[in-house]
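See below for the structure under consideration.
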Amino acid sequence: MSPKPLDYESLNENVKKVQYAVRGELYLRASELQKEGKKIIFTNVGNPHALGQKPLTFPRQVIALCQAPFLLDDPNVGLLFPADAIARAKHYLSLTSGGLGAYSDSRGLPGIRKEIAEFIERRDGYPSDPELIYLTDGASKGVMQMLNALIRNEKDGILVPVPQYPLYSAAISLYGGSLVPYYLEEEANWGLDINQLRQSISAARMKGLTVRAMVIINPGNPTGQCLSEANIKELLIFCYQENLVLLADEVYQQNIYQNERPFISSRKVLFDMGLPISKEVQLVSFHTVSKGYWGECGQRGGYFEMTNLPAKSVDEIYKVASISLSPNVPGQIFLGLMVNPPKPGDISYLKYATESKAILESLKRRAHIMTDGFNSCRNVVCNFTEGAMYSFPQIRLPPRAIEAAKSAGKAPDVFYCLKLLEATGISTVPGSGFGQKEGVFHLRTTILPAEEDMPAIMDSFKKFNDEFMEQYEDYRGYSRM
Amino acid sequence: MLSAVRLLVMPSAYSRSCKTKPGSHPFDEILYCNIGNPQSLGQLPITFFREVLALCDHPPLLDKSETHALFSADAIARACKILDVIPGRATGAYSHSQGIKGLRDAIAAGIAARDGFPANPDDIFLTDGASPAVHMMMQLLIRNEKDGILCPIPQYPLYSASIALHGGSVVPYYLDESTGWGLEISELKKQLEDARSKGITVRALVVINPGNPTGQVLGEENQKEIVNFCKNEGLVLLADEVYQENIYVNDKKFNSFKKIARSMGYGDDDLPLVSFQSVSKGYYGECGKRGGYMEVTGFGPEVREQIYKVASVNLCSNISGQILASLIMNPPKVGDESYESYAAERNGILSSLARRAKALENAFNSFEGVTCNKAEGAMYLFPRLRLPRKAIQAAKAVNAAPDAFYAGRLLDTTGIVVVPGSGFGQVPGTWHVRCTILPQEDKIPAIISRLKAFHEAFMEEFRD
Numbered sequence: 001m002s003p004k005p006l007d008y009e010s011l012n013e014n015v016k017k018v019q020y021a022v023r024g025e026l027y028l029r030a031s032e033l034q035k036e037g038k039k040i041i042f043t044n045v046g047n048p049h050a051l052g053q054k055p056l057t058f059p060r061q062v063i064a065l066c067q068a069p070f071l072l073d074d075p076n077v078g079l080l081f082p083a084d085a086i087a088r089a090k091h092y093l094s095l096t097s098g099g100l101g102a103y104s105d106s107r108g109l110p111g112i113r114k115e116i117a118e119f120i121e122r123r124d125g126y127p128s129d130p131e132l133i134y135l136t137d138g139a140s141k142g143v144m145q146m147l148n149a150l151i152r153n154e155k156d157g158i159l160v161p162v163p164q165y166p167l168y169s170a171a172i173s174l175y176g177g178s179l180v181p182y183y184l185e186e187e188a189n190w191g192l193d194i195n196q197l198r199q200s201i202s203a204a205r206m207k208g209l210t211v212r213a214m215v216i217i218n219p220g221n222p223t224g225q226c227l228s229e230a231n232i233k234e235l236l237i238f239c240y241q242e243n244l245v246l247l248a249d250e251v252y253q254q255n256i257y258q259n260e261r262p263f264i265s266s267r268k269v270l271f272d273m274g275l276p277i278s279k280e281v282q283l284v285s286f287h288t289v290s291k292g293y294w295g296e297c298g299q300r301g302g303y304f305e306m307t308n309l310p311a312k313s314v315d316e317i318y319k320v321a322s323i324s325l326s327p328n329v330p331g332q333i334f335l336g337l338m339v340n341p342p343k344p345g346d347i348s349y350l351k352y353a354t355e356s357k358a359i360l361e362s363l364k365r366r367a368h369i370m371t372d373g374f375n376s377c378r379n380v381v382c383n384f385t386e387g388a389m390y391s392f393p394q395i396r397l398p399p400r401a402i403e404a405a406k407s408a409g410k411a412p413d414v415f416y417c418l419k420l421l422e423a424t425g426i427s428t429v430p431g432s433g434f435g436q437k438e439g440v441f442h443l444r445t446t447i448l449p450a451e452e453d454m455p456a457i458m459d460s461f462k463k464f465n466d467e468f469m470e471q472y473e474d475y476r477g478y479s480r481m
Numbered sequence: 001m002l003s004a005v006r007l008l009v010m011p012s013a014y015s016r017s018c019k020t021k022p023g024s025h026p027f028d029e030i031l032y033c034n035i036g037n038p039q040s041l042g043q044l045p046i047t048f049f050r051e052v053l054a055l056c057d058h059p060p061l062l063d064k065s066e067t068h069a070l071f072s073a074d075a076i077a078r079a080c081k082i083l084d085v086i087p088g089r090a091t092g093a094y095s096h097s098q099g100i101k102g103l104r105d106a107i108a109a110g111i112a113a114r115d116g117f118p119a120n121p122d123d124i125f126l127t128d129g130a131s132p133a134v135h136m137m138m139q140l141l142i143r144n145e146k147d148g149i150l151c152p153i154p155q156y157p158l159y160s161a162s163i164a165l166h167g168g169s170v171v172p173y174y175l176d177e178s179t180g181w182g183l184e185i186s187e188l189k190k191q192l193e194d195a196r197s198k199g200i201t202v203r204a205l206v207v208i209n210p211g212n213p214t215g216q217v218l219g220e221e222n223q224k225e226i227v228n229f230c231k232n233e234g235l236v237l238l239a240d241e242v243y244q245e246n247i248y249v250n251d252k253k254f255n256s257f258k259k260i261a262r263s264m265g266y267g268d269d270d271l272p273l274v275s276f277q278s279v280s281k282g283y284y285g286e287c288g289k290r291g292g293y294m295e296v297t298g299f300g301p302e303v304r305e306q307i308y309k310v311a312s313v314n315l316c317s318n319i320s321g322q323i324l325a326s327l328i329m330n331p332p333k334v335g336d337e338s339y340e341s342y343a344a345e346r347n348g349i350l351s352s353l354a355r356r357a358k359a360l361e362n363a364f365n366s367f368e369g370v371t372c373n374k375a376e377g378a379m380y381l382f383p384r385l386r387l388p389r390k391a392i393q394a395a396k397a398v399n400a401a402p403d404a405f406y407a408g409r410l411l412d413t414t415g416i417v418v419v420p421g422s423g424f425g426q427v428p429g430t431w432h433v434r435c436t437i438l439p440q441e442d443k444i445p446a447i448i449s450r451l452k453a454f455h456e457a458f459m460e461e462f463r464d
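Okay, here's the thing in structure tokens:
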């Protein structure tokens, strides 16, 4: 009898350990229900276009022209496309080595990396080297490449915020490293406490781990908090003292919904601090076309920028990048367009500015609607979504609900989210997918459903929640375990 | 490896100085014969595919009457059909982690039409090119350095790199140059036993058909032997079939391993087989789009769940690439408005590739000490160089492998970039270079005469 080569037992253990709740149990159940005909509102992933947000017009015009360059020779092309889109398409095509269909440099097209460097310089006030900017098929690929480079074995630890976007925990599992959690303070608006960090790193070291890097997500996912300049300074000093690479996930930098803490890049803060720290702390910064007000998730366009990494390390990273040959060229062009949008005076500027503004302002309003809506519900408290695309309300589950969950063989927040899904069609991700303090439960939803649908969605949620609480609360009220 | 890196870096440096300091080199342009990147060398994309992609990228075009003047009617119809299967017609949204269902349906239909055996859309995982799919399988299969994967030598070095990256062991099996790069089961058996005796658990067999860099197309009988070998030895068959549309000989045909396995009576449960396809090669050559898929058959549901899970961490592959994958597996048919021009473009490219393959093969075979197997398929020639002793010594003196030394000199003298055989693996003591057949046809005579002149001078310089 020939042995089966690929039984579950003989799979790579690291693969088996990976969890990625964003497309996990709740999503699969929601998909099943959708197939059965139930109306589902997918709020499980930051996927704006899936919830009706329209793509910005200008980049789509440019990419369509790049896709079909024969259009550029057609005398009627001006009937369908504005002159500045036509000019921009010609510009990006000239940066390629044979159009969209040719592999580019493994690091991405030099011309686009230059445009990104110029953007970074305008944003931060410090020069940026295009040679240290690598384009990837989405920021996630870049994150995975860096973690793969950093993790040598299970003794290598990576500091990761809890709650976190589970790409980090999944990648750390996949590469056989150890996740070292540092807890964000829910009561302090998901603030980052340096003492927490110190405790976490000590505990890890006592277990014999070598802590190699620290991840920050700013603005936060799922938590939405925007780090203050002072906070980032503290972090950088911490990394300097503890000899850590800082991995700064800044993909939501365009999504800011308050004025107190505008986005400031970790790189800018680092350079503002001057020598010696500005030359010593190793930093990798990530960005993407998937978020912001662009929301072009399906293009898979992202980049990372390396600061203060030694040349030899950069070479190794280049080597790994070259195994994949090149990131997709249309995604690269989207990046170029994102960092170089239409300017005042351009034909397409007004439309671009109007579309962008509308999206951002609506996101801000939805952030408020959602936060307020959750806070009006029994046993629910919700921090304000300062940035990013998510709401992460805390659900104070009564003991009897927790027992019911246990009997059903589910984690309490999974139990709650499944019931929410069945009752309302709202598909969320249970907080356990992101990590949370023991005995504290959350769910993550996005602020992306269409603004006109929001009131109905929040009503639907409130109705479900209040009935759930009615069902499971006893006369003693709830208690947190 | 220094020379290999040099060959990576030098061409672009030379390219720049050709432009800025004309006359500084004995050539005035770099001729890239090193990577399978057709459109970077002037090959045009297939018009129909690009029309459809442009319309999908900017759907508002479909509402404008002027669009009919610029796009063919069937491209418009296809774009509409595709958008209808994309939830919300949102090409900017993350899709299902295996790829958009409707596109997988189309690909499955294309596979069934190609093979005469059904394909299940749920077996298909759309990826950013075939390479990420290969990585996914290596990740799944390799637990530690004691897990080995049988790889052809010479091979496209993605395999050895991926195996190294995932901590496994390459178990090489040598293709036989004297029989047109034949794949002998006896060689497979030998290498398998050898590895097992060293305590390696061999998990899978990689077969590249048509071959890269070797260009051979496997015969049906050979493929049947391979299938039985995998079945008997409990190996996963990893079938890299990205060059399936690049066949240049009339006496050989591409047969997918799935078709062969099914024709032998092996059903879905009988043989774990993963087949890889890409939009980068064929006659479409859309490397920069990063489109591709793997068809995963013969695995139980628990394993498939794990594959899905790994795919889901990256959320999904780029949508434009997914659309293109569905197009290449479902091109225009006879009777469609675009069929004639599509077929003309396709046939033009394929027949030109066949001519270029032949011309370069003949050229290499005419050089002193060089033999070159026919390129039955794919995009490469892999001539063997019998270098004089003095050349080998000169190479050693500068710490280079002899074929890298030859390739370096070739670049310095002629501006022609090839890849040394050591990059692909070869029988120890033999030397090769890989040269693509991709420069435009009108450049081939000049390339051949430069190669000839260089080779003659080289052999003269190092004559014993």
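If you read the sequences in order, they're chains D and H.
For the first sequence, the tail end lands on 481 under UniProt numbering, and the numbers increase by one without skipping.
For the second sequence, the tail end lands on 464 under UniProt numbering, and the numbers increase by one without skipping.
We put the CB at the ideal spot given by N, CA and C, even for glycine.
Everything numeric in this text was worked out from a predicted model, so none of it was measured.
Query                                                                                                                                                                 : Result
Please classify Q241 (chain D) as buried or exposed, where buried requires at least 16 neighbouring CB atoms within 10 angstroms.                                     : exposed
Given a cut-off of 7 Å, decide if I395 (chain D) and F434 (chain D) are closer than it, judged by their beta-carbon atoms.                                            : no
Reducing DSSP to helix, strand and coil, say where Y168 (chain D) ends up.                                                                                            : helix
Expressed to the nearest angstrom, what Euclidean distance is found between the alpha-carbon atoms of E280 (chain D) and S391 (chain D)?                              : 36 Å
Does the region 269-279 of chain H come close enough to the region 68-85 of chain H to have 3 or more Cβ pairs within less than 8 Å?                                  : no
What is the DSSP secondary structure of S278 (chain H), reduced to helix, strand or coil?                                                                             : strand
Tell me whether the beta-carbon of K281 (chain H) lies closer than 7 Å to the beta-carbon of Y243 (chain H).                                                          : yes
What residue does the beta strand (DSSP E) around F464 (chain D) start on, and which one ends it?                                                                     : Where F464 (chain D) is concerned, there is no enclosing beta strand (DSSP E), although the alpha helix (DSSP H) it sits in stretches over M454 to Y472.
Give the single residue among D:Y349, D:E131, D:V314 and D:H368 whose Cα lies nearest to the Cα of residue 482 (chain D).                                             : An answer regarding residue 482 (chain D) cannot be provided, because it is not within the stretch 1 to 481 covered by chain D.
When you compare the CB of G108 (chain D) with every CB in chain H, is at least one pair closer than 7 Å?                                                             : no
Distance check for F58 (chain D) and P59 (chain H), CA to CA, integer angstroms please.                                                                               : 13 Å
Could you tell me the distance, in whole angstroms, from the CA atom of S178 (chain H) to the CA atom of F276 (chain H)?                                              : 28 Å
Rounded to whole angstroms, what is the Cα-Cα separation between L2 (chain H) and I82 (chain H)?                                                                      : Bear in mind that the predicted position of L2 (chain H) carries a pLDDT of just 36, short of 50, making it unreliable; the figure below should be weighed with that in mind. When rounded, the distance between both Cα atoms is 47 Å.
So, with DSSP's three-state summary, where would you put Y243 (chain H)?                                                                                              : coil
Where does Q282 (chain D) fall in DSSP's three states?                                                                                                                : coil
In this structure, what does DSSP give as the bridge partners for A204 (chain H)?                                                                                     : H:I149 and H:V236
Using CA atoms only, rank isn't needed, just tell me which of H:Q440, H:N362, H:E361 and H:Y293 is closest to M136 (chain H).                                         : H:Y293
For the beta strand (DSSP E) holding S306 (chain D), just list the boundary residues, first then last.                                                                : The question names Ser, but residue 306 (chain D) is Met in the sequence shown. First-last of the beta strand (DSSP E) with M306 (chain D): G302 to T307.
Threshold first: 3 residues or longer. Then list the beta strand (DSSP E) segments lying entirely within the region 234-278 of chain D, N to C.                       : 245-249
Closer than 7 Å, CB to CB, is A50 (chain D) near chain H or not?                                                                                                      : yes
Take M370 (chain D) and list the residues in its own chain whose beta-carbon comes closer than 8 Å to its own, dropping the five residues that flank it on each side. : C382, T385, S391, T445, I447, M454 and M458
Could you say which of D:S169, D:K155 and D:E154 lies nearest to P161 (chain D) if we only look at CA atoms?                                                          : D:S169
Which residues share a DSSP beta bridge with W431 (chain H)?                                                                                                          : H:L385
For A358 (chain D) and Y293 (chain D), what's the separation of their Cα atoms in angstroms?                                                                          : 9 Å
With 7 Å as the threshold, decide whether the Cβ of residue 491 (chain D) is near any Cβ in chain H.                                                                  : This structure cannot settle anything about residue 491 (chain D), because the visible part of chain D is limited to 1 through 481.
Could you check if E467 (chain D) is buried or exposed, using at least 16 other CB atoms within 10 Å of its CB as the buried criterion?                               : exposed
Taking N120 (chain H) as the reference, which of H:V202, H:Q98, H:L175 and H:T91 has the closest Cα?                                                                  : H:Q98
My assumption, with CB atoms under 8 Å, is that F405 (chain H) sits in contact with P383 (chain H). Please give the rounded CB distance.                              : About 16 Å; that fails the 8 Å criterion.
Along chain D, in chain order, which residues have C-beta atoms closer than 7 Å to that of Q440 (chain H)?                                                            : Near Q440 (chain H) there are no residues of chain D at all, since even the closest Cβ is about 11 Å away, more than 7 Å.
Hey, quick one: how far does the beta strand (DSSP E) through P172 (chain H) stretch, first residue to last?                                                          : S169 to Y174
Could you compute how far the alpha carbon of A4 (chain H) sits from the alpha carbon of P402 (chain H)?                                                              : In this predicted model, A4 (chain H) has a pLDDT of only 44, less than 50, meaning its place in the structure is not dependable enough to derive any value.
In chain D, which residues lie less than 7 Å from E286 (chain H) when you measure between Cβ atoms?                                                                   : G101
Suppose contacts are defined by Cβ-Cβ distances below 7 Å. Is G295 (chain D) in contact with I112 (chain D) by that definition?                                       : no
Who are the neighbours of Q299 (chain D) on chain H, taking C-beta pairs under 9 Å?                                                                                   : T91, G92, N318, I319 and S320
With 16 as the cutoff for other CB atoms within 10 Å, does A408 (chain D) come out buried or exposed?                                                                 : exposed
If you drop the 5 nearest sequence neighbours on each side, which residues of the same chain put their C-beta closer than 7 Å to that of A105 (chain H)?              : Here residue 105 (chain H) is Asp; the residue named in the question, Ala, does not match the sequence. Only P121 meet the Cβ criterion.
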